[in-house]
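Trainee: Residue numbers (our numbering): 44 to 1089.
Beta carbons are placed, not taken as given, at the ideal position from N, Cα and C, and that holds for glycine.
Provided herewith is a single structure, encoded as structure tokens, for subsequent inquiry.
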């Protein structure tokens, strides 16, 4: 497995950016410089922890260099500190930040500038979402891994890629900010004073830094938690004491302790992580130290260090009394005269480090400020994990070497160093803890002394492993964690040392095993819960990123994912629209920190991928109940992806869900996808990730049709009289209505149509499309939702579907081949003028003339027959509406005498009439005769009785009014209509059942009257043999003359 260096090298982020509003994010070049120095020591430490790591690291790199070279190249760029995009230097004005002028929001440029951070954030989120999915896809492509060690390798690489993505995002923002700062120039920087980031960018950087820190923590812990390392630690427990002897150095004992206590090694990793994050979150402390040094009223240089003002007061007393020896603190005269500048407290009479504690007197006010600043700096150095050599150098510069000795306990012999950990490691103070009992006791005493400064007590509290005094100076959540893990580590080390001492009393050859304390994950979780109720850091502890980090630290993955799933469900289902597809897991009570996590998109993304990683390496439960509940987190993330419009990566995450749950989620996601290209893409992606597309669409249909599971009889079909009585008592034929169908399509109808549309993008669904399409048409017709039926016909036309699936138009094949004609025989140019409505052209659908029985084509025709029959009905109504619209335009245009426009409109009117004639002809034969059961038969009969009279009467009106503007020959077709009604059984029965025979007779009477009044020339015959001239009666001239004479 990869050594610690792979987790804590320069590829790791600069550190934690505090979420407290008062703290600023540090992400410029100086952060990288500090981190590089520290990483060198951590590299050395990682090598020392396990000498066999070099071989394991080489193995890991060999395994992955071919599989993910691009990922490795990206990681290499981040891990190279000298080439880091963050290493950018300072602004021209000397400030490490940006100078951003206030945009003028009342100008276009100002508005663009103000919106730029928001747009950039949205783009960054989208890119990050897609990048995470890409890495996950590569992770999944490697398939199921039977080797547990290989699982850890893959998980390590995945987490490493996620950390690199976050770090790269920080680098990109830093680059952009630097370029913007360069554009502003030196003059603008001077005018604006100290440069600053805009709030949106500052928040974005905070989030990214927190995310990078989170992934780095997980990466570090995974790097030491693979099976070989655990087995090595288990084995070392048996032999660790045999590798030590009475004269082993502190460093040797410490290293053997870490090799045998795996949880102690985790604590070291956590402390290192907290030290690195602290380096970018201590800006407030730096400002406070600077302020204290200013109040100490001293300049710069070696002479300025020490208790200058107290020293001057003591010298003054000596000169006054002419005493060469030290002042006696018990002398009443000294106590009364040697006072602080405000005469409130007696001063110490000696300047040794223990004077304040021993004499229980104070220092001058300026020296108190200096002392506080000094101990605060010592706390900061320990908190940052600075090496003992750096602490010693800092103390030597101030002529206070005693502080370095008090912090470390003893010196470090560089020449005698043979251990695996770095010689100047920041944890040297812990190594010396074993042999320096008197030093440890002194630290504990100072921790409880009321006469020591609070930061001094905190420093000594860290050194001796106590917590109470250190907690008092903690200002951030990770400060509390650092004190806690410092105490736990020293406590475990103390237990190791006690067992080692007992072993020394046995024979050197006697095998004595080390029995470590149980891992303290439960105690970690309890402590984290305590911090959430802490007034100082409670708000920060409930931050979603901190919640996730706490889960990683305490390995409370089971409870976290289970509770987070409840929070995700609660958040999703508490929305007003209640349209979420996130399952309702009925949570009883959810912690507010988890609700915050569920509501935060970035945090839920991290938690989702954390769940995927932990599942792959066995950190979470594998039982079905937990799996089904925890998967709600993935579903919540899928909901966020849908909301963000990034639907093409949803199949990747859906493939991680239980099969039924994945089908249910995808069914509801896909219903919102309407673009054909996206639909085809998603079908391919679902197939790629092993998802049963047909099962998904079946689930989708069941879901959308649940709202219309039964025929809706709540709406009735409106009937409009076709013949009305005028005021003079005569009958008048009503023109075709142009709004009979309507335009409103309900959301439910839209969804079922979309669900049916999805089937056209999956192969082999012709039969199902025809079956469900016919079902939808029946529902729409019986409930009078003609607008929905028209929408269905426009989007799921059988002609289009058959061309896509088979390469020919099934409707043309049906109309022509079954009639015994050649397949490519062209139709007449104007069906309404020729064969339509004439008996010789009636078709019989009970036979498959020209088609071999049982052939594939015959099967396709039979499967689509009912849907085709129902489709032509709405096509007929649609053509009639189009006819009515054109006819109205034609009537209005007549007054303008625009010959060109009139000609065009007549052409459109003829075309609409021809289209209607095609659909009417299809309904003349055995129409709607195929059914599966009696219920279907009753529904089809109801549709015939309701709509056939309506459409035929409208068609009669269309021909009647067309005869006035196109040709009077169309009146002959009106008479043929009477013949068809009399000859076609289902047409006759429909008029009788609907009680509209009388209405038909009145309409035919009006068309007959109009035909008589045409006065057509005798002898002129139409294509069908009909002649209007027979109705033109002229008397002979002889008879006319005789009559006149008489």
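#1: Please report the straight-line C-alpha distance between residue 549 and residue 296, rounded to a whole angstrom.
#2: Taking its Cβ as the centre, do 16 or more other Cβ atoms sit within 10 Å of residue 801, making it buried, or is it exposed?
#3: Sort 687, 704 and 527 by Cα distance to residue 715 and report the nearest one.
#4: How is residue 767 classed by DSSP in three states: helix, strand or coil?
#5: Could you pull the start and end residues of the beta strand (DSSP E) that residue 680 belongs to?
#6: Give the secondary structure of residue 125 by DSSP, where H, G and I count as helix, E and B as strand, and everything else as coil.
#7: Let's test the definition: count the other Cβ atoms within 10 Å of the Cβ of residue 807 and tell me whether it reaches 16, buried, or not, exposed.
#8: What residue range is occupied by the uninterrupted alpha helix (DSSP H) comprising residue 804?
#9: Which partner residues does residue 405 have in the DSSP bridge list?
#10: Can you tell me whether DSSP reads residue 141 as helix, strand or coil?
#11: Helix or strand or just coil, what does DSSP make of residue 774?
#12: Residues bridged to residue 382 by DSSP?
#13: Taking all protein chains shown into account, decide if residue 765 is buried (16 or more other Cβ within 10 angstroms of its Cβ) or exposed.
#14: By the three-class DSSP mapping on this structure, what secondary structure does residue 349 have?
#15: Under three-state DSSP, which class holds residue 882?
#16: Below 8 angstroms, can you find three or more Cβ-Cβ pairs linking the region 264 to 283 to the region 495 to 507?
#17: Assign residue 318 to one of two classes, buried (16 or more other C-beta atoms within 10 Å of its C-beta) or exposed (fewer than that).
#18: Among the residues of its own chain, which have a CB less than 8 angstroms from the CB of residue 1024, if the five just before and after it don't count?
#19: Helix, strand or coil, according to DSSP, for residue 157 in the structure here?
#20: Please report the straight-line C-alpha distance between residue 636 and residue 586, rounded to a whole angstrom.
#21: Beta carbon of residue 644, beta carbon of residue 168: below 9 angstroms?
#22: Tell me whether the beta-carbon of residue 793 lies closer than 9 angstroms to the beta-carbon of residue 834.
#23: When you compare each of 471, 849 and 710 to residue 432 by their alpha carbons, which one comes out closest?
#24: Could you tell me how far apart the beta carbons of residue 728 and residue 694 are, in whole angstroms, since I believe they sit closer than 8 angstroms?
#25: Ordered along the chain, which non-local residues of its own chain (more than five positions away) have a Cβ less than 7 angstroms from that of residue 737?
#26: Would you mind sorting residue 42 into buried or exposed? The rule is 16 or more other CB atoms within 10 Å of its CB.
#27: Enumerate in chain order the residues of its own chain whose CB-to-CB distance from residue 633 is below 7 angstroms, with the five nearest sequence positions on each side excluded.
#28: State yes or no: is the beta carbon of residue 444 nearer than 9 angstroms to at least one beta carbon in chain C?
#29: Measure the C-alpha to C-alpha separation of residue 978 and residue 811 and round it to an integer number of angstroms.
#30: Would residue 176 pass as a contact of residue 213 if the rule is Cβ separation under 9 angstroms?
#31: Provide the residue span of the alpha helix (DSSP H) that contains residue 924, from first to last.
#32: Residue 395 to residue 482, Cα distance in whole Å?
#33: Just the C-alpha distance for residue 927 and residue 778, rounded to the nearest angstrom, thanks.
#34: Would the region 911 to 926 count as touching the region 953 to 967 if we require 3 or more Cβ pairs under 8 angstroms?
#35: Would the region 282 to 297 and the region 305 to 320 be scored as touching if the rule is three or more Cβ pairs under 8 angstroms?
#36: Looking only at C-alpha atoms, which of 193, 1000 and 486 sits nearest to residue 1015?
Mentor: Quick answer:
#1: Working through the chain shown from its first residue, we reach residue 549 at position 506. Working through the chain shown from its first residue, we reach residue 296 at position 253. Taking the straight line joining both Cα atoms gives about 18 angstroms.
#2: Mapped onto the chain shown, residue 801 falls at position 758. Looking at its Cβ environment, which holds 16 or more other Cβ atoms inside 10 Å, residue 801 is buried.
#3: As a first step, residue 715 must be located in the chain shown, where it is residue number 672. Of the candidates 687, 704 and 527, the one whose C-alpha sits nearest the C-alpha of residue 715 is 687.
#4: If you number the chain shown from 1, residue 767 lands on position 724. Per DSSP, reduced to three states, the secondary structure at residue 767 is strand.
#5: Looking up residue 680 in the chain shown gives position 637. Following the DSSP letters along the chain, one finds residue 680 in no beta strand (DSSP E) but inside the alpha helix (DSSP H) bounded by residues 675 to 687.
#6: By 1-based counting over the chain shown, the position of residue 125 is 82. The pLDDT assigned to residue 125 is 32, lower than 50, so where the model puts this residue is not dependable; a value taken from the coordinates is nonetheless given after this. In the three-state scheme derived from DSSP, where H, G and I count as helix and E and B as strand, residue 125 is classed as helix.
#7: Here the question's residue 807 lines up with position 764 in the chain shown. Classification of residue 807: exposed, given that the 10 Å Cβ count is below 16.
#8: Locating residue 804 in the chain shown gives position 761, where the first residue counts as 1. Premise fails: residue 804 is in no alpha helix (DSSP H) and is neither H nor E.
#9: Here residue 405 is taken as the residue at index 362 of the chain shown, counted from 1. Residue 405 is bridged to 390.
#10: Against the chain shown, residue 141 aligns to sequence position 98. Model confidence at residue 141 stands at a pLDDT of 33, short of 50, so the residue's coordinates are unreliable; what they give is reported in the following sentence. Of the three classes helix, strand and coil, the one that applies to residue 141 here is coil, per DSSP.
#11: Taking the first residue of the chain shown as position 1, residue 774 is located at position 731. Reduced to three states, the DSSP call for residue 774 is strand.
#12: Position 339 of the chain shown, counting from 1, holds the residue named residue 382. Paired residue(s): 389.
#13: Here residue 765 is taken as the residue at index 722 of the chain shown, counted from 1. So residue 765 counts as buried.
#14: Numbered from its first residue, the chain shown carries residue 349 at position 306. Note: residue 349 maps to coil in three-state DSSP.
#15: Stepping through the chain shown from its first residue, residue 882 is reached at position 839. For residue 882, the predicted model reports a pLDDT of 36, less than 50, meaning its position is unreliable and no value from the coordinates is stated.
#16: Flag = no, the region 264 to 283 and the region 495 to 507 do not touch.
#17: In the chain shown, the residue the question calls residue 318 occupies position 275. When all chains shown are included, residue 318 counts as buried.
#18: Here residue 1024 refers to the residue found at position 981 of the chain shown. 995, 1030, 1031, 1034 and 1043.
#19: Your numbering for residue 157 matches position 114 in the chain shown. For residue 157, the predicted model reports a pLDDT of 49, less than 50, meaning its position is unreliable; a value from the coordinates is still stated below. Residue 157 falls in the helix class under three-state DSSP.
#20: Within the chain shown, residue 636 is the residue found at index 593, counting from 1. Within the chain shown, residue 586 is the residue found at index 543, counting from 1. When rounded, the distance between both Cα atoms is 7 angstroms.
#21: Mapped onto the chain shown, residue 644 falls at position 601. Mapped onto the chain shown, residue 168 falls at position 125. Result yes, Cβ atoms of residue 644 and residue 168 sit closer than 9 angstroms.
#22: Here residue 793 corresponds to residue number 750 of the chain shown, with the count starting at 1. Here residue 834 corresponds to residue number 791 of the chain shown, with the count starting at 1. Result yes, Cβ atoms of residue 793 and residue 834 sit closer than 9 angstroms.
#23: Walking along the chain shown from the start, residue 432 turns up at place 389. Among 471, 849 and 710, the Cα nearest to that of residue 432 belongs to 471.
#24: On the chain shown, residue 728 is found 685 positions in, with the first residue counted as 1. On the chain shown, residue 694 is found 651 positions in, with the first residue counted as 1. Here residue 728 really is in contact with residue 694; their C-beta atoms are around 4 angstroms apart, less than 8 angstroms.
#25: For the purposes of this step, residue 737 is taken as the residue at position 694 of the chain shown. The residues are 805.
#26: Within the shown structure, residues of the chain are numbered from 44 to 1089, placing residue 42 beyond reach of any answer.
#27: On the chain shown, position 590 is the one that residue 633 refers to. 606, 609, 610 and 613.
#28: Looking at the structure shown, chain C is missing, and only one protein chain is on hand.
#29: Taking the first residue of the chain shown as 1, we reach residue 978 at position 935. Taking the first residue of the chain shown as 1, we reach residue 811 at position 768. Rounded to the nearest whole angstrom, the CA to CA distance from residue 978 to residue 811 is 19 angstroms.
#30: Position 133 of the chain shown, counted from the start, is the residue given in the question as residue 176. Position 170 of the chain shown, counted from the start, is the residue given in the question as residue 213. Here residue 176 is not near residue 213, since their CB atoms are 9 angstroms or more apart.
#31: Residue numbering aside, residue 924 sits at position 881 when the chain shown is read from its first letter. Annotation for residue 924: the continuous alpha helix (DSSP H) segment containing it runs 899 to 936.
#32: Start at 1 with the first residue of the chain shown, and residue 395 comes out as number 352. Start at 1 with the first residue of the chain shown, and residue 482 comes out as number 439. Straight-line measurement puts the Cα of residue 482 at about 17 angstroms from the Cα of residue 395.
#33: Stepping through the chain shown from its first residue, residue 927 is reached at position 884. Stepping through the chain shown from its first residue, residue 778 is reached at position 735. Those two C-alpha atoms are separated by around 8 angstroms.
#34: Taking 8 angstroms as the limit for Cβ pairs, the verdict is that the region 953 to 967 does touch the region 911 to 926.
#35: A contact is defined here as three or more CB-CB pairs under 8 angstroms, and the region 282 to 297 fails this definition with respect to the region 305 to 320.
#36: Along the chain shown, read from residue 1 onward, the residue named residue 1015 stands at position 972. Of the candidates 193, 1000 and 486, the one whose C-alpha sits nearest the C-alpha of residue 1015 is 1000.
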